[in-house]
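Numbering (mature numbering (1 follows the signal peptide of the UniProt record, and there is no 0)), first residue to last: -17 to -1, 1 to 144.
Glycine included, C-beta positions come from ideal geometry on N, C-alpha and C.
These numbers were taken from a predicted model, which means no experiment stands behind them.
As structure tokens, the structure follows; a few thoughts come after it.
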């Protein structure tokens, strides 16, 4: 069976995308099968992704709440990585719904206040991150992607219950 690679490299330059691939931040997995070894590998991959998503989400949440000066570039990179990891996790869940319940429940239950639900001052964001209005609009687009992933996670969670 062939392995499939999922790549979500939104907003990256070609050199940044190449770095992502060569530093093995891109995860390989095999699509749904009845093979117990493959199922175990995919479950391990879901857990590895989840273990990165949770602390990254908390870091993003703290940044949007505090808007620390000079943190804009790091914040956007973290948001891109967060979206990438969530997309990979959701793809794994979609392809193996029958075996993904434990990881979906774990990620859902360890949720944090969601990015879209967090109030912040756009003016403070622009000042503290030294952003233009175009950069703020880029943030909103990336935030909407994160929101779509969050909704998908909730849908899977409710599908199981």
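Under the three-state DSSP convention, the category residue i falls into
i	result
residue 115	coil
residue 97	coil
residue 103	coil
residue 55	helix
residue 79	coil
residue 140	helix
Reference residue i, options the options, closest by Cα
i	options	result
residue 142	25, 28 and 87	87
residue 136	53, 92, 103 and 104	92
residue 66	111, 127, 17 and 144	127
residue 29	19, 17 and 70	70
residue 52	134, 33 and 109	109
residue 121	85, 60, 23 and 144	60
residue 104	31, 97 and 48	48
Residue interval of the alpha helix (DSSP H) (run including residue i)
i	result
residue 28	19 to 49
residue 91	84 to 92
Cβ-based neighbour list, residue i, same chain, cut-off 6 Å, excluding 5 preceding and 5 following
i	result
residue 46	54 and 58
Sequence-distant residues of its chain with Cβ nearer than 7 Å to residue i (five each side left out)
i	result
residue 64	39
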